[in-house]
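Here is the structure we will look at.
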Amino acid sequence: MIEGLIQKYHQWLEVPDNAELISLNEGNTPLIELPRLAKLISSNIKLYGKFEGLNPTGSFKDRGMTMAVTMAKSDGSHTVMCASTGNTSASAAAYAARAGMKCIVLIPGGKIALGKLTQALMHGAKVISIDGNFDEALNLVRSICKSSPIALVNSVNPYRLQGQKTVAFEIVDDLGNSPDYHVMPVGNAGNVTAAWMGYKEYYSSHKCSKLPKMVGFQASGAAPIVLGHVVEHPDTVATAIRIGNPASWKGAICARDESGGYIGSVTDSEILEMYQLLPSTEGVFVEPACAAPLAGIKKLAQSGYFDKQVTVVVTLTGHGLKDPDTAMGMHSAITSSVPATREAVMDAIGLET
Ligand code: F0G
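Going by my numbering, the first residue of the sequence shown is number 1, and it counts up by one from there.
As structure tokens, then:
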């Protein structure tokens, strides 16, 4: 029987004894070796993808949401609320439904992927689209939750990070130790903060004998941590990480510096190249944000960053089916059909009839 994360890692995730566990059997995602892609990037890396798109709502957010909603319910809240570029809202809506609670989500108007919006709506959330970006939405949610009995379930809620740290546990459990590098996209910066916390906790308990270097990538149009200042009007094709003022900014800097890692940026065209290359070489379909760290690894490899054989894990944070518009935007040629004849199909394949 597959169990949810709070049961699986109960020594590491404290919840009150009498709390009702709100779970969709999240976590336990596959660590998939990506040898073809690795070969195209560098001869020095053994590359694994932690495919978080296989969580119940299709992103890593479920790891934190099982904790946040379990605790919100245990604390007596009836409603949860979040700001979101899409995945947090999908996850919050699903876990709230599971808990019999209400969910309110604030999203940046016109800038969330169709699949994510569909999920929030189908799980019965009250979806409010604002004329503003994620950072403005989060400020509003923080202000509203401060003055009303609504539980905030963005990653500023510490229970979210507690749940999300379990990705590090699973990676170590699978590899038998920490990888040399753990690379991921950085948006609000909760994930890199949480994963680093997970590795440190496991290391302190002798579950691994080394710590990884934590490496993050932002999109160049939304790269506040790289630039060292807030970006007022963030923009990128990777809408999940279209964030100009990350809530866990300090946590990300800490993870980078304590681990001896790196946080850099990649352009939208570098992101789109990897977005297409991963599913077509490895059969793993992810949303655009996940291509940022892959593009980043390629860039680092080209600059000689990996000067010996290393193990690199990349978190593939969300499923490709979340964002059909971006995917189909790259394949507009497949819109016209051919006659239903053998000749026409042979011709379309490029075979002689
Ligand atoms: N990848 C995906 C697919 C995401 O949805 C997010 C964040 C990130 C990466 C970045 O993670 O914020 O912890 O640095 N999405 C949030 C949301 C902001 O609202 O769904 P982070």
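For every residue, glycine included, the Cβ atom is placed at its ideal position computed from N, Cα and C.
Chain-order list of residues whose beta-carbon lies under 8 Å from that of residue i (same chain, five-residue window excluded)
i	result
W249	A189, P224 and I225
V338	A344, V345, D347 and A348
I22	T66, V69, T70, K73, Y95, R98 and A99
R342	T353
P16	S74
I128	I104, V105, L106 and I107
M101	V69, A72, K73, S77, H78, T79 and V80
Alpha helix (DSSP H) segment containing residue i, residue limits
i	result
E270	D268 to E282
P224	P224 to L227
L351	Where L351 is concerned, there is no enclosing alpha helix (DSSP H), given that its DSSP letter is neither H nor E.
R256	W249 to S259
E136	F134 to K146
T236	Where T236 is concerned, there is no enclosing alpha helix (DSSP H), given that its DSSP letter is neither H nor E.
W12	Per DSSP, W12 belongs to no alpha helix (DSSP H) and is neither H nor E.
R242	No alpha helix (DSSP H) holds R242; DSSP gives it neither H nor E.
K200	G190 to S204
I171	T166 to L175
G329	P324 to G329
L117	L114 to M122
DSSP bridge partner residues for residue i (one or two, in chain order)
i	result
V105	C82 and V127
G304	Beta-bridge pairing links G304 to no other residue.
T315	K50
H182	M214 and V313
S265	Q218
S59	G318
E152	First, the amino acid is wrong: residue 152 is Leu here, not Glu. Paired residue(s): M81.
V286	H319
I45	V310
Residues of its chain near residue i, where Cβ-Cβ distance is below 7 Å and the 5 sequence neighbours each way are ignored
i	result
Y9	T166 and F169
A222	V231, P234, D235, T236, I241, R242, I243 and G244
S259	W196, L211, P212, K213 and M214
I2	N25 and N28
I6	L13, V15, L21, S23, T66, M67 and T70
S155	G64, L161, N188, G190, A247 and S248
Supposed contact pair residue j and residue i - C-beta distance, whole angstroms, cut 8 Å
i	j	result
Y95	T66	7 Å
Y48	L31	5 Å
G53	V286	6 Å
V183	V284	Actually they are not in contact, since the Cβ atoms of V183 and V284 sit about 15 Å apart, beyond 8 Å.
I171	K50	6 Å
F306	N44	4 Å
G132	P108	6 Å
V266	G304	17 Å between Cβ atoms; not a contact.
L114	D325	6 Å
Cβ shell of residue i (< 6 Å), same chain only, five flanking positions each side left out
i	result
A97	H123 and G124
T88	K61 and C82
A19	T70 and S74
C208	V172, N177, S178 and Y202
E33	Y48
P279	F285
A93	C103, A120, H123 and A125
S42	A301 and F306
G64	R160, G163 and Q164
A194	L161, Q164 and K165
S336	none
Boundaries (first-last residue) of the beta strand (DSSP E) holding residue i
i	result
G216	K213 to A219
E33	L31 to E33
beta-carbon residue i near the ligand COA non-hydrogen atom, thresh 6 Å
i	result
A289	With respect to small molecules bound, the structure shown includes the ligand F0G and not the ligand COA.
Cβ of residue i within 7 Å of any chain C Cβ
i	result
K250	Looking at the structure shown, chain C is missing, and only one protein chain is on hand.
Can you find at least 3 beta carbon pairs, one from the segment 314-321 and one from the segment 51-61, that sit closer than 8 Å? With a cut-off of 8 Å on Cβ pairs, the segment 314-321 is in contact with the segment 51-61, counting three or more such pairs.
At least 3 beta-carbon pairs within less than 8 Å: the segment 267-287 vs the segment 7-27: Taking 8 Å as the limit for Cβ pairs, the verdict is that the segment 7-27 does not touch the segment 267-287.
Whether or not the segment 287-295 and the segment 236-254 are in contact is what I'm after, with contact meaning three or more pairs of Cβ atoms, one per stretch, closer than 8 Å; do they touch? Cβ pair count under 8 Å is three or more, so yes.
So, do the segment 246-265 and the segment 189-203 have three or more beta carbon pairs nearer to each other than 8 Å? Using a C-beta cut-off of 8 Å, the segment 246-265 makes contact with the segment 189-203, since at least three inter-stretch Cβ pairs fall below that distance.
Could you tell me whether the segment 145-164 touches the segment 172-179, using the rule of 3 or more Cβ pairs below 8 Å? Taking a cut-off of 8 Å on C-beta distances, the segment 145-164 does not touch the segment 172-179, as fewer than three cross pairs fall below it.
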